[in-house]
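K.L.:
Using our numbering, you'd call the opening residue of the sequence shown number 7 and step up by one each time. Glycine included, C-beta positions come from ideal geometry on N, C-alpha and C.
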Amino acid sequence: MAPGLLTRLAVCAAAAAAAAADAGAERCSGVAGGEECGAVAEAALAEAGSLAHVGLLQHAHSVEVTGARSGVSERSALARAVVPLPEKVAWFHVPKAGSSFALTLLDLPQLCGESAGALGWAVSTLAVESMCTGIWTPPWCGGTDMLWNQCAEQGFFGLLPDLGRSVMGFFRQPEQRLLSDYNYLCPEGSQVENCDNKLAFFQEHQACATKMLTSTESVNGHCMNIPEPTAAQVALAEKYVAQSFAFIGITEEWDLSMCLFNAKFGTPCNTRQFLNEGHGNSTGTTNTWYDTDDLDGFVDKYDDVLYDHARQIFSKELVEFGVTAESCASEIATCGVSTAARRSQGMTGSQN
């Protein structure tokens, strides 16, 4: 048992002993005679020791059972209680921020019933709607054969206030996301608009998270069809980050994000959460941190605001739910995920 936990248990035991001793003193004050009073005090101390011992055993048993049931470290017994999953989850999928989060959602029986685990990440929106009734899909592409990960890029059509705290998704460092988007959409010979003009490309594709959260129109073409947001829209998007998200992950912290998801909602570790599955960019690389010199000084001033806020929430919840690098490594080990199949340091340049 960890020394910190032993210290806290000792404090609890001491408090119990003190309370029992006080009770004995009160009883003693009403008793005549020193010998009789001494006997009362001795009985009170024995009672205190017994209570403290029982308390220690009960807490130790709770820790042991919790650890055995969840396969995670002792931190489970001390962290915040798990949160119920929303009845309907709305996936917020910013292009190039992590499409394989779809696998985590599709593997949950609470969302997909008997179909949990049967669907791959490249699944149609129609199939998701029919097999996973716990997943919300945007009206623009609902009931179609469009891939669900593409449908989830369309935004919320001004419906976020009606969805409550049901949104789940990842935020990626905005400039890295832009560079990843450029490399994905603009391989040699690409006919995508402005591939021959990086600055124009970045200007069109910036603020993608902000646009998706605030636009009342479909956000398509990796966000290039929506004009730059206003200051009021950025403020609204930041409000939605604080009020509408049931879960926020950080692409650069993929492993920790998955461990946080499991700790927060009490879901078991799943090998597919940590696999680099179904991805590949135009360069064929899978673990890339892009050189920001290619930006030539360009900064996504809109999504930078949201990303900073998202990271604050993410860091706060890591503490609240007791997730650390060490506890996460232990959890991943229980999943049996091979190093070769995993994301390197939780970060890949090929995120969709």
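Quick one: what does DSSP say residue 152 is sitting in, helix, strand or coil?
P.N.:
Position 146 of the sequence shown holds residue 152. In the structure shown, residue 152 sits in coil (DSSP, three-state: anything other than H, G, I, E or B).
K.L.:
Hey, residue 110 and residue 264 are a contact pair by Cβ (cut 8 Å); roughly how many whole angstroms apart?
P.N.:
What you label residue 110 is simply residue 104 of the sequence shown in a count that begins at 1. What you label residue 264 is simply residue 258 of the sequence shown in a count that begins at 1. Contact holds; Cβ gap of about 7 Å.
K.L.:
From which residue to which residue does the beta strand (DSSP E) around residue 176 run?
P.N.:
The residue given as residue 176 occupies position 170 in the sequence shown. Here the beta strand (DSSP E) through residue 176 covers 173-177.
K.L.:
Given a cut-off of 8 Å, decide if residue 134 and residue 154 are closer than it, judged by their beta-carbon atoms.
P.N.:
The count along the sequence shown starts at 1 and reaches residue 154 at position 148. The count along the sequence shown starts at 1 and reaches residue 134 at position 128. Yes, Cβ-Cβ distance for residue 154 and residue 134 is below 8 Å.
K.L.:
Kindly give me the distance between the Cβ atoms of residue 327 and residue 269, rounded to whole angstroms, as I take these residues to be in contact under 8 Å.
P.N.:
By 1-based counting over the sequence shown, the position of residue 327 is 321. By 1-based counting over the sequence shown, the position of residue 269 is 263. The pair is a contact, with the Cβ atoms about 4 Å apart (cut-off 8 Å).
K.L.:
Report yes or no: do the region 238-252 and the region 162-180 share at least 3 C-beta pairs separated by less than 8 Å?
P.N.:
Yes, since at least three Cβ pairs between the region 238-252 and the region 162-180 fall closer than 8 Å, the two stretches touch.
K.L.:
On a CA-only basis, which of 132, 338, 145 and 217 is nearest residue 262? Give me that one, please.
P.N.:
If you number the sequence shown from 1, residue 262 lands on position 256. It is 338 whose Cα lies nearest to the Cα of residue 262.
K.L.:
Take residue 92 as the anchor and find which of 295, 116 and 104 has the nearest alpha-carbon.
P.N.:
Taking the sequence shown and counting its residues from 1, the one referred to as residue 92 is at position 86. For residue 92, the nearest C-alpha among the options comes from 116.
K.L.:
Assign residue 104 to buried or exposed, taking buried as 16 or more other Cβ atoms, counted over all protein chains shown, within 10 Å of its Cβ.
P.N.:
Sequence index remark: in the sequence shown, residue 104 carries index 98 (1-based). Buried is the call here.
K.L.:
What first and last residue would you give for the beta strand (DSSP E) that runs through residue 254?
P.N.:
Along the sequence shown, one-based indexing puts residue 254 at 248. Residues 251-256.
K.L.:
In terms of residue numbering, what span does the beta strand (DSSP E) encompassing residue 369 cover?
P.N.:
Absent from the model: residue 369. The displayed extent of the chain is 7 to 358, so no value can be given.
K.L.:
So does the region 185-204 actually touch the region 298-310, counting three or more Cβ pairs closer than 8 Å?
P.N.:
Flag = yes, the region 185-204 and the region 298-310 touch.
K.L.:
Ignore the nearest five residues each way along the sequence and tell me which others in residue 146's own chain have a CB closer than 7 Å to its CB.
P.N.:
Here residue 146 refers to the residue found at position 140 of the sequence shown. Excluding residues within five positions, the ones whose Cβ falls inside 7 Å are 160, 163 and 224.
K.L.:
Based on Cα-Cα distance, which residue from 120, 236, 218 and 332 lies nearest to residue 176?
P.N.:
On the sequence shown, position 170 is the one that residue 176 refers to. Per the Cα distances, 218.
K.L.:
Apart from the five residues just before and just after residue 319, which ones in its own chain have a Cβ nearer than 8 Å to its Cβ?
P.N.:
As a working note, residue 319 is residue 313 in the sequence shown. These residues qualify, in order along the chain: 247, 248, 251 and 254.
K.L.:
First and last residue of the alpha helix (DSSP H) that includes residue 133?
P.N.:
To locate residue 133, count along the sequence shown from 1; it is residue 127. Segment 131-137, the alpha helix (DSSP H) holding residue 133.
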